[in-house]
Structures are given as structure tokens and as C-alpha cells.
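The block underneath contains the structure these notes are about, expressed in C-alpha cells.
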Amino acid sequence: MKLSHTALVRAPRSRVWKLVTDVPAAARCVPGVAAVTPSGTGKYKGSLLVQLGPVRLVLDGDVALTATDEAAGKASVRADAKDSRLGGTVRATMDLALVDKGEDTELRITSDVRIAGRIGEFGQPVIQRKADQLMTQFAECLARTLA
Amino acid sequence: MTYDYHEPETVAEALDLMARHGEDAHLVAGATAFTLLWRQGLLRPGHVIGLRRIVGLGGITATDKELVIGATATHREIERSADVARHCPALTRTFASVATVRIRNQATLGGNLAHADPAQDPPPMLMALGAEVVAASAAGERTIALDDLFVDVFTTSLRSDEVLTAIRVPALAPGTHATYLKFLPQTADDYATVSVAATMRFTDDGEVADVRVALGACGPTPVRARSVEDALAGAVPDAARIADAAARVDADIAPFDDVRGSAGYKRDMARVWTERALLSLVEGRA
Amino acid sequence: MRADRRLIDALRDDLGCIGTKEGCSIGVCGACSVLVDGKLLSACLMPAVFVSGRAVTTVEGLARGDELSPLQDAFIREGGFQCGICTPGQLIAATALLAERRRPSDDEIREWMMGNLCRCTGYHGITRAIKAAMA
Amino acid sequence: MTLAKSTLPDILETPEWRVEGRDKVTGAARYAADITRPGMLHAAFVGSPFPHARVASVDVEAARKMPGVRAVLTGADVRPARFGRRLQDWPVLAWDRVRFIGDRVAAVAADTVEAAERAAAAIAVEYEELPAVFDPEAALAPDAPVLHPDAAEYTYLGGTRPPRSHANMQGHVVHEHGDVTAGFEAAAAVFEHEFVVPRVHQAYIEPRASLVWIEGDTVHVVTTNKAPFALRDQMAVTIGVPAAKIVVDTPHVGGDFGGKGLSLDEFALYFLARATGRPVRSVLRYADELQLSNTRHAARIRLRTAVDPNGRITAHQGRVVFDGGAYAAGKPVAGLLPGGPTLTLAGYRVPAARVEAVAVYTNTLPAGHARAPSQPQHTFAAESHLDLIAHAMQIDPVELRVRNAIRAGETDVEGNVWHDSQAQRVIATLLAASQWGGTVGLDHGRGVAFSARHVGRGKTSLTLTLAADGSLEVLTGVADQGGGAHTMIQRVVARELGVDVARVHVRRGDTGHANVDPGVGGSRVTPVAGNAAVDAARKLKARLGELVLTLDDAARTAAPLAVTGEGEQNEHVFGTYAYSVEVSVDRATGCFRVVDAVLVADVGTVINPVAVRGQLEGGFVFGLGQAVMEELRLDDGRVTTTNLGDYKIPTIADAPSLRLVLITDAPGPGPFGAKSAGELANPAVGAAIANAIDAAVGARVMSLPITAEKVRAELAKREGYAPTSPDGTADSTAGRR
């Protein structure tokens, strides 16, 4: 599923860039993320708790900054995670783009989230909504953090 | 992998078990939703607490003031209850339109509400009837208006230390008309593409004295259509006024795409069926 | 009995009552319909512990010895089945219907039986069979 | 010798009593999932989460150590085993590449289903994603990713794989006859339309199940596959065991509708049984049925037709693109297209035609055969197309069909000359039965659709044995998928011999015991197995004649007496049929309801009257579901309708009444003049409804399913956005069809 989000951050582009490319710091803006620890250059391990009503997913996996182009204000992040208890995997790729808006910066996130296994059978609209919620909160939190 | 199954006989025992097992416990009544999620491997609690033996949670009682439906009353018991039919025939029909007789024989109202599926039939009707739920915890009981119960898809405002024990439906003011319309464009056994519940009462002058409209399947939770209600309050509800009010439902809903229709179609249908529901109440007044 | 057994597992795997079938596994198709104390239920959604001490009727219990019930006989005569996989559930559901209403109307038949999917007959044979059995 | 002429009323005029009826209503009938073996293990599989990927590594160490686990296999253990009905292009377990979400990479056998599933979840697979292609047109681009670079290695059963012009083509066929160019040049008008038909599932209620064990050097298979001999032969090639050492047993099949000719699990189960020395069973979860198994092909169909001033077809062109999914394994036909791929105007006279059809590999679940393969797609397109032509030419839609429906001696769209045709009679009968041309209510409309389906072809044999107690036993390899095959055989034998049906017992044999049979499908059973039954009865009569004995005397003195009946049907014969459907449309919602439906069908002599009726009524509702609600939805290759709550099929409350008119006096090539009925009713429902909706409110839906939402969208396009005309009621069931 493909999602797109936009948030206006009341901070100059350079500050926003610094935050979004600092994976552990940025990850603190994703609700449900537990410790994110480095596991190599641009690579991290982390875990995310997602609650879908009574269903609790614990997604453990890797996050990597796969591309950065500061001049263009573009970065890509890839996350591969697995819930070994319920049996299911999530792969998300996020393309971030920062656009100057005067004093402020517009943050555009387009993400492609793919869910496999039993959790994918839970109901696509519900999952889509949850992913959408997470990304919205992420974008809002980034904006808040820098404001 | 399995779980320990407990069948307390009182609410206090149930609360005690919940306190003991915390997040590792899951409450069931009819256990329809739970069995599905368990079978799919999506729920793995260590302890399942069955509520069906708790006598105080069953049954349906009616007084002049209210109708009280126990949390473990099945949909079928409610559908067949003379008290419910006397209280509000539309409520009887609402329960009769849930899934199939097999499911209605097993699934309970408490389970239905706690599961918080936004496409379910009873919630919008109960919202339109001004119902509230009773939640018990070690600290005592509190009531939650249905309007405040649903938080998100499959998520309610019940705390993890609370048991939903009953649903209270206040007596309808004399002259109140009620309806529930379920739009099923595919098969007869389906979740609604949209559903609309409405109640309306008129003054002697034919003005709207009281109106409540709620919709199902139009977003992450069942939702009150306050914009529609506001547009009708005090009005003489002729066809034009109703059409105008129904069109405002758009502001109250946030449907999403699924196999039962695109978000855009659901918006359109929410308007159509809101209008139909309101018209039927106005016509039913005669 | 393990707590997490569904009634369908208990019937088929533990007791060898394999007349009851499992189709969709989510309570929609009705192939696993059984009567518990006379009430129509889905064995795929029912925890087996829920039926302890209660009478469960499956398709194997409909005939009296060699004598088919009127519904069973009518299902054969009127084309109430083809492949037969949904038939145990259809018969159980129809038995419950006729126990509740001796002469259901066409609408009542439709309303009651809509939880039992059949992919073969187009349902016309099933309706004819129920009507023949109540005649 | 003389056989006494039966004093009984004609068997064919007495409604049949199904031979398996008692078993099916008492729960005694056994289906594959009901069968167990001592020591039986349960299988689970690991499927790919990616639509197209290279399998980098599979780590099974943790799974192997889990409690109750008896074997874990990966692609490396089965390589190079691939399976398929004609082209064996589907790896039993992928060893280098996965091609759709769910494509299997590992299999587990364990003591319980739960233990197997837990172990499967513990298998760690590393994938390297490859570019995926979901759209068949995109897959045909010159630079599209190639899904099957190793195609040269694949086994093609029975002959040589036809050539194709692009690596992603499964099959490609062009039919041409007559002077198409001249036909278009001379035309008074030319019409061109494009139609889209989605993937749908057969949605039988019984999920696939299979059980495999090895005894000595013989492989035993219990399966839901409706063509056990074909499975045996495919399996022999896949697993490298001689066919004579494979015994396939198909008990009752809980619905087929074309889908159960392809087996999925049996091959991996063989490897698991071999690895463990124990029987291994697998019963698919319904969610996996909907995500893995061979669906009807989605299709995009472009039709272009030239007509003379009277609406007579002078030439026709068609281009059909079928989405074949990741593997062609589900298709049994030589061309590796769904059957009848170029039959775009079935039942019409077409003097010149050029129809091209292609089935294309995409990274989606494989497509295969489904009831009347290709015909629901083509008939929806053709019969909508003809209605649009009739409308444009201002010719009554029935009259247009009368002018074009094929007559004896004329050539059809595939260049076949029909020696007999009941088409005109079918349409005339429909006109009368539906009172076509009469008035209908406001927002009501009538639509017609006409089509043709072949009488099945093929060859089979069965044995008939007269026993000492005077009973007659037929042993057949025909599986029972619900069509009534065994009852048909019983009645044919009894009638031909002039004995009571109760004296004839039909027994199904597994592939180790019965004579070779091609399996149920393609409207084949009655004409082919029925002819074999006639032949057996005649041979027995001839034998009695030689012995100068009556049947009863022979039973006493010469039993057992066994004969083999051969049945073959190779004639190109069609049954034609036509629907008239009346719908009412709710303009505000687009919701419509079928208020009347008439089906006229040319079925030839009826052997099983209850079953024929059931096949046509059942075909109508099956066709209705696939016309108005069913769609296997995909999102980036992932099936999102993964259960029967989201993949909707009609319930009893959604089944409209149907008036049936049978034409039975035009004999076909089957026993006593029978034709076929199983695939006559389902293909034309979609077009009849689309035409009726257009007639009612002027909304033309060009794709299936014809949903209320699509009708509403078409109405909105035509009307502009208009406030609705309300007609709500206070009844909570309002809106239900």
C-alpha cells in the first residue's frame, strides 16, 4: 500500500534534515518504537509495538538509511521487520523530501508498506488506516519537535 | 500453544482474574470474534476469561424508564425479546439484521460493543437511541455514553481493568419514531456498505423537537451525524429541508475504501440513506 | 479437552464425527452448522468447552436408523444438493428452521437459510426441498 | 435371445434418485479431508511475501529442532521438480525464484497442524526482490522483466510447446478465416468496444485437501482433484515415479467448477512422505484457497465488428489478453490458454474473423480453468457489444441476434461449420417465454443474452459386470464432483438393458482399479461416459445373444460376465442457450435487482431431470455471483479478499427465481441424444444483466462485476449530479436484494 503525508515544520531545512537523517532520534517520533540501536553504518535495529484493537504486533527488525542527498533534500529509509509470535513481516520504504517554504520546511513522506503473512489477512483497510495513523503522527511529531 | 480458560461466576471474580493476568488475559462472552482471531493466530493470550456463567450479566429487563440489556445477552435473545420489541421495534429489526441466525445465536451485545467493529449494526442504532454502557471495575461502576465508547477501529474507551456489564437504553419520549436502514448492495449476509439509524420526535406544530442520527461503516467508528441533526433541529422537515440536512452528513463521516465500496461511494450513499431514513420517519409520523 | 479446541475440531478430530464439514472457517459458509441444545450454531466459531454438558446434534443424528428424515428425503428428491459438501450444514439449518416454524414462508426460508452457502444448486433445489419436507 | 421390453415407465421420465444421495444427506459421504491414516502427519508451507524475488537463503535449522517436527524441505530438496497440467512450470518448492506472493519455498511435516505451522513460521528466508509486473500489457513490453528465464527446461506434456513471440507469453493463438479486410471495407458500420473482466475464484465450499503415503514402491494419493488419472500422469513426470506405481483416489469432491483439475500440495506431500516414511496430509485454509489457487483469468477484451445495413455481421476482429498469473500450470489445453480462447462470438454466423488471444505471465496468483473457461469473459464482452450495436443501429436487440444467430451449414467465429443449429429456435422460444417487447415498469429494463457451449468431447471406458445375484455393477474412473455422473451412468445402463435402476450399482474406482478416464470437466461426462455406458450395455446384450441366455439365466449360469464399454465423442456440436433478464434499478444508489429471469437451453435428451435442472439453476446463480459481486481483488500482487466474508458469493436470499425452458427434442451426440448442461447457464448472466440495466436507466457498465457503485457512477456521468428521488421505507431490510 502506498501512503503519502505532508507536514509543515516551523524550522529551516537544515535542522529538519539533521533530525530526519538521525534515525534513532527520528524514530522517537514513531509511537510504539522501543530502543533503536546502531548495527552498522546507517543501519539500526529496533522494535515497534503496534496495537490493532485486541491484536498486539511486536515488530522486530532493521532500519536502514538507504539513500541521502542533502543538496536535493531527499532521503530514503527502509525498514524490514517481523513479528515472530504471530507470523508476519512488514517491509516499508519511505522516501522523504524536504522543500523550503520560506522560513519553514515542508516535509513530504511517501511510503510503500507491504505486509505479509497472517497479519496481512487481518483486513487491509484496518492495516492501511493504522499505517496511515502512524505516519501522520510521525510527521506531526517531527514538526512539534522542531517547532 | 494454548491458554488457560477461566469461567468466573461473578463479576468480582472476573475482575480479580483480570487483575491477576493483566495484558495476558482476554475476555470473551460468545467468543465469536475471539475464536476467529485465535484461529488466525492473531491473538495469543495466556488466559481467556469467559463471562457466560456470570448470571448477572445476562437477561433483558424493561422498566418505564429504561431497557437494560445484559452484556452476555445474545443478538438472537434481543431480537426475540418482547420487551425490546415494545421498547423500539426498530431495535428489534436492527438485531435481526446482524449477520445470520447462527451468529446471532452465539454473539453477544457486550462482545459486539467491546469489539468495536465500525460496520456493526447495533452501535449506530443504540447511539441514536441515546444508550449508554455500564462498565464495572474494582473501583466500582461507571457509565459511558455510546457516543463516547468508540475510539478507533476495534478500540473502545473501556479501560483494561473494566468489564462491560450492561447496556441501558432510555425510554423513548412519547411520539419518537426510530429507524435503522442497512445498505447491502452485494449479498444479504454482509456488513453494511453504509448504515443509518435515526430517531425523531415532532412538536404538535410538526417541527422537529428532537432528532438523533448515527451512521455505521462510515469511518473508524460508528458516528453521530451532528451536522445533520443541527440542520433539522426546530425545522419543519419537508423534503427540501431533509435533502439539505442529509447532504450535511458529509462533514460528519470519514469513510475509507474497502470491498464494500470506495470512500466516495460511501459518502454518496451516506447522504442517500440518511435522507431516506429521515424521510421514512417523517412519513411514518402520519 | 484442551481449552483452545473449537467444536469443529472436537467433533471431527477427537470424536470422528466427520459428517460435519469445515469450509470457510469464519462462520460465514455454514458448512459446520450444528445444533447445540437445539440452537443453530457454527462449530468453527464455538469453543468446544462451551458445549460441555449440552446436547450436540450433527448430520449423523438426523435419520432414525435407516429411515431418513423428511428433509433428508426431500433433499434427494428435489435436488437439494449436488456436491454435498454444504449439505450437512443445510440440513441442520433447515431442521432448526422447521423446529421453530412449522410452515415458514419463502421470505422466512431465505432469511433463515442465508447463512448456509451452496455453490452448486443455486439454492432453488434447497428451497423446493424445504417446502416439500414441510408439506 | 430376447430381453423383455421393460414394462416400467421410461426411466428418463422418472426423476432420478441419486446413487450417492443417502450418503450425502446422512453425513456418510467421504471427502478427501475426512480420510486419515495411522501415523499421519500434517503439512504446512512457507510462502513468499514478495511478488517477485530471488531466494537468497532458507534457514530451516530452528524449525527442524522444534517439537513434533518430522521433516522440513526446501527447494533444494525437490529440485528440479515442477508441476502442471500441461506445462510443468511451477516449482514444487521454489529453489531460486519466487513469482507471486504465496509461492512456496519450504514445507514442513509435523505431528499436528499447529506444530507444522509453528515450524513454518520459524523458517527464515532471505529474498532479494526483483522488479515485479502485475499488468499483462506491461508484461508484454520488450523490456519487461522475464518471469521464466528457464522456460526451455520445462516439461510440456504431450507434444511440443507452441511457439510464442515474447518470453512472458504463456500461450498465444491467432484464428483467422474468410476475408476480414474485405468484410470491414464493405461494412455499413464498424463498432469497437473494450471490456474488462476480473479474476474470480471458483469458490467451492470444500478447500483442497490431499493425503499422500508410500507403501512399498507404490505412492498412494487421496485428493480433491477431479481428474485422478490426469493427476497420476502429471505426478509421474514431476516426481519421477512410473504412473503404474501411483494410485490416485478421488473420493467425493466438494465442488469443482473447473478449479480442482490442478493440484497444489500433492507433489510436496510426496516428498514429505518420502522423507518421513509416514502419511502426510494437507487441508488448505480457505484463506490460502483464495490466495494461491488457480482462478478464472482476468481478461481485457477488445472487439471490433463490421455489419451490413441490416446489422448482419460481415467481419469480426478480436484481441483478448488473459492474465495468466505466475504459472501456466493450471491450463490443460495445448495452447496454454484457457479453453476456447478465440470463441469471442459464440453461436453466431461470422463470415470472416481474425481473433488473437494471449495469456501472459504476471507476478500474481496463477490463473487456470473455471467453469466454461473463457466463456464468461467472452460472452460478457460479445453480448454487451452486440447490444451496443443494436442500440446504435436502432435494431431490436433480439432481432439483431435473430439475424446473426447461426443456422445449419453456416460458419462460426472459429471457422467451424455447424451441421445443426437450434439457435433460431432457442431465440424464438425465448421471445415467447419472456414476452419480449412487452412493457416494463419505470426504471425496469430487460436484457437478452445468447450464447453457445460445446457438447463435451473426449474418450473414456468403463466396465460392466453381471454378478451371480443378477445385479449389474459398473466400475468407472469418473469422479463425483456433484454433477450426478454415477446416477447418469446407472440410468443409461438400466434403460439400455431394460432393467430396474435398482439393479445397477455404480462404483468408482481409483486409478489402480478403474479404466482410464479424462476426469470431470468441459461438459464431457454425460456425452462421453454416457456413451461408454450405452456401449457397455450393448456389449453385454450382444454377449447374452451369443450365449443365447436371458439376463437372469446368464446371472445364474455364466456370471460373472464382464464387458468394457467404450465412449467417444469427437463431434463439433454446440448447445445454444439464451437469457432474458428483467431488472429494476434504484437510480440513487445504483442498486439493481433481478425481478425476472428466463433461460432457454438446448440440452438434448435429458437423462437426469433433477440434475439438469440443478445444473442450470446452479449455473445461473454461479454466473450471477461472478457477474455482479465477485472479484478477487489484488493490491500490488497481494490478494486482499482473503475470506468468504470479503469475497462475496450469493446466498439463498440473493438467488432470483429462474424460469427454465428446455429444448430436448434436438438430439445430441450423447446417450439417447443427450447434450451437455453443466456450462450452459453461467457465462451469459453478466451480459444479460448489463444489457437490462442499460435498457432500464441508460447506464452501460463495461466491466465485471456490475456493482451498484459502477451503475451509480455511470448514471452520474449521464445525468450529471442530481439529488436523488427518495423511496425509503422504515424497514430495516430496505436495500436488500
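Residue numbers (my numbering), protein chains in the order written: chain F, 1099 to 1245; chain L, 403 to 688; chain U, 391 to 525; chain D, 877 to 1613.
For glycine and all other residues, C-beta sits at the position ideal for the given N, C-alpha and C.
Taking all protein chains shown into account, do 16 or more other C-beta atoms lie within 10 angstroms of the C-beta of residue 1363 of chain D, making it buried, or fewer, making it exposed?
-> By the neighbour-count rule (16 or more Cβ atoms within 10 Å), residue 1363 of chain D is buried.
Other residues of its chain near residue 1564 of chain D: CB distance less than 6 angstroms, five sequence neighbours each side excluded | 1323, 1325, 1455, 1457.
Nearest residue (CA-CA) to residue 426 of chain U, options U:455, U:485, U:523 = For residue 426 of chain U, the closest alpha carbon among the candidates U:455, U:485, U:523 is that of U:485.
Assign residue 1295 of chain D to one of two classes, buried (16 or more other C-beta atoms within 10 Å of its C-beta) or exposed (fewer than that).
-> By the Cβ-count criterion, residue 1295 of chain D is exposed, with fewer than 16 other Cβ atoms from all chains shown falling within 10 Å of its own Cβ.
For the beta strand (DSSP E) that contains residue 1158 of chain D, what are its first and last residues?
-> First-last of the beta strand (DSSP E) with residue 1158 of chain D: 1156-1159.
Beta carbon of residue 1534 of chain D, beta carbon of residue 1473 of chain D: below 8 angstroms?
-> For residue 1534 of chain D and residue 1473 of chain D, yes; Cβs fall inside 8 angstroms.
For the beta strand (DSSP E) holding residue 1237 of chain D, just list the boundary residues, first then last.
-> Taken as a continuous stretch (DSSP letters only), the beta strand (DSSP E) holding residue 1237 of chain D covers 1229-1237.
Per DSSP, what kind of secondary structure is residue 1190 of chain D in: helix, strand or coil?
-> Of the three classes helix, strand and coil, the one that applies to residue 1190 of chain D here is strand, per DSSP.
So which of L:535, L:451, L:429, L:671 has the shortest CA-CA distance to residue 468 of chain L?
-> Minimum Cα distance to residue 468 of chain L is reached at L:535.
Chain D beta carbons: is any one of them nearer than 8 angstroms to that of residue 447 of chain L?
-> Output row for residue 447 of chain L: interface = no.
Exposed or buried, what is residue 454 of chain U when buried is set at 16 or more other beta-carbons lying within 10 Å of its beta-carbon?
-> That one is exposed.
Does the separation of the CB atoms of residue 1556 of chain D and residue 1526 of chain D fall below 8 angstroms?
-> Going by C-beta atoms, residue 1556 of chain D is not nearer than 8 angstroms to residue 1526 of chain D.
Quick one: what's got a C-beta closer than 8 angstroms to residue 1189 of chain D's C-beta in the same chain, skipping five residues either side?
-> In chain order, 1181, 1182, 1183, 1221, 1224, 1225, 1226, 1227, 1280 place their CB closer than 8 angstroms to the CB of residue 1189 of chain D, counting only its own chain and leaving out the 5 sequence neighbours on each side.
Whose Cβ in chain F lies nearer than 9 angstroms to the Cβ of residue 432 of chain L?
-> Under the 9 angstroms cutoff, chain F gives no residues; its nearest Cβ is about 15 angstroms from residue 432 of chain L.
At a Cβ threshold of 8 angstroms, is residue 1150 of chain F touching chain L?
-> Yes, residue 1150 of chain F counts as interfacial toward chain L.
By Cβ distance below 6 angstroms, which residues in the same chain neighbour residue 1154 of chain D in space, the five residues on each side in sequence not counted?
-> Closer than 6 angstroms at the Cβ level, and outside the excluded window around residue 1154 of chain D, lie 915, 917.
Could you please give the first and the last residue of the uninterrupted alpha helix (DSSP H) stretch that includes residue 1111 of chain F?
-> For residue 1111 of chain F, the enclosing alpha helix (DSSP H) stretches over residues 1111-1118.
For residue 1447 of chain D and residue 1418 of chain D, the rounded distance between their alpha carbons = Straight-line measurement puts the Cα of residue 1447 of chain D at about 26 angstroms from the Cα of residue 1418 of chain D.
Among D:1272, D:1257, D:920, D:997, nearest to residue 1174 of chain D - alpha-carbon criterion = Looking at the Cα atoms, D:1257 is the closest of the given residues.
Kindly indicate the opening and closing residues of the beta strand (DSSP E) around residue 1326 of chain D.
-> Counting along the chain, residue 1326 of chain D sits inside the beta strand (DSSP E) bounded by residues 1320-1330.
Roughly how many angstroms separate the alpha carbons of residue 887 of chain D and residue 1389 of chain D, rounded to a whole number?
-> Distance between the alpha carbons of residue 887 of chain D and residue 1389 of chain D: 29 angstroms.
What residue does the beta strand (DSSP E) around residue 1305 of chain D start on, and which one ends it?
-> That residue, residue 1305 of chain D, is in no beta strand (DSSP E); its alpha helix (DSSP H) goes 1299-1310.
Neighbourhood of residue 444 of chain U by C-beta distance below 6 angstroms, restricted to the same chain and skipping five residues each side | Answer for residue 444 of chain U: 426, 427, listed in chain order.
How about residue 520 of chain L and residue 618 of chain L: do their beta carbons lie closer than 8 angstroms?
-> For residue 520 of chain L and residue 618 of chain L, yes; Cβs fall inside 8 angstroms.
Nearest-angstrom Cα separation, counted from residue 444 of chain L out to residue 1238 of chain D = Rounded to the nearest whole angstrom, the C-alpha separation of residue 1238 of chain D and residue 444 of chain L is 31 angstroms.
Proximity of residue 931 of chain D and residue 960 of chain D at Cβ, strictly below 8 angstroms | No, the pair does not count as a contact, with Cβ atoms beyond the cut-off.
Where residue 1082 of chain D falls, given that 16 or more other Cβ within 10 Å makes a residue buried = With 16 or more Cβ atoms within 10 Å of its Cβ, residue 1082 of chain D is classed as buried.
Going along chain F, which residues have a C-beta under 7 angstroms from residue 660 of chain L?
-> Chain-order list of chain F residues neighbouring residue 660 of chain L: 1223, by C-beta distance under 7 angstroms.
Is residue 1182 of chain F close to chain D, meaning its C-beta is less than 8 angstroms from at least one C-beta of that chain?
-> True, the Cβ-Cβ gap to chain D drops below 8 angstroms.
Residue 1517 of chain D versus chain U: which residues are under 8 angstroms apart at the beta carbon?
-> Those within 8 angstroms of residue 1517 of chain D in chain U number zero; the least Cβ separation is about 12 angstroms.
Residues of chain D with a CB under 7 angstroms from the CB of residue 589 of chain L: which are they?
-> Here the neighbours are 1505, 1524, 1526, 1527, 1530.
Using 8 angstroms as the limit for Cβ to Cβ distance, is residue 483 of chain L near chain D?
-> Contact with chain D is absent for residue 483 of chain L, since none of that chain's Cβ atoms lies less than 8 angstroms from the residue's Cβ.
Residues in its own chain within less than 7 angstroms of residue 1022 of chain D by CB, not counting five upstream and five downstream?
-> The residues 1043, 1044, in chain order, have a CB closer than 7 angstroms to that of residue 1022 of chain D in the same chain once the five nearest residues on each side in sequence are set aside.
Chain-order list of residues whose beta-carbon lies under 6 angstroms from that of residue 664 of chain L (same chain, five-residue window excluded) = So the list is empty, once near-sequence residues are dropped.
State the CB to CB distance for the pair residue 1513 of chain D and residue 1407 of chain D, rounded to an integer number of angstroms; the pair is presumed to be in contact (CB under 8 angstroms).
-> About 45 angstroms separates the two Cβ atoms, so there is no contact after all.
Which residues in the same chain as residue 592 of chain L place their Cβ atom closer than 6 angstroms to its Cβ, once the five residues preceding and following it in sequence are excluded?
-> Closer than 6 angstroms at the Cβ level, and outside the excluded window around residue 592 of chain L, lie 586.
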